[in-house]
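Everything below concerns the one structure shown next.
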Amino acid sequence: MDDNRRIQMLADTVATLPRGRKQLALTRSSSLSDFSWSQRKLVTVEKQDNETFGFEIQSYRPQNQNACSSEMFT
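Mapping of the sequence shown onto this note's numbering: position 72 corresponds to residue 152, and the numbering continues sequentially without gaps.
Spelled out as structure tokens, the structure:
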């Protein structure tokens with residue numbers, strides 16, 4: 081299956097999930113400090129004018145930081 085078809089299937093799935101439903105992350109790391117820019121992937125979700133659209137933003141604070149730090153990942 082090509083990447084465009086996978087992205088479209090993901091977009092169709094996300095667009096039809098009811099609001100308030102908890103979703104599992106597609107990829108997980110054992111630590112947020114393992115993050116690197118090369119792991120980022122852009123996914124575009126397109127909708128038609130008559131469709132509803134919603135999304136959820138999650139923010140995380142790194143586990144190993146001192147009390148004076150305010151670093152967050154979104």
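All C-beta atoms, glycine included, are put in the ideal place defined by N, C-alpha and C. These numbers come from a predicted model, not from an experiment.
- Each residue's CA atom was taken as its position, placing ASP129 and PRO142 some 38 Å apart.
- Between ILE87 and THR124, the CB-CB gap stays under 9 Å.
- The straight-line gap separating the alpha-carbon atoms of SER139 and MET152 is approximately 6 Å.
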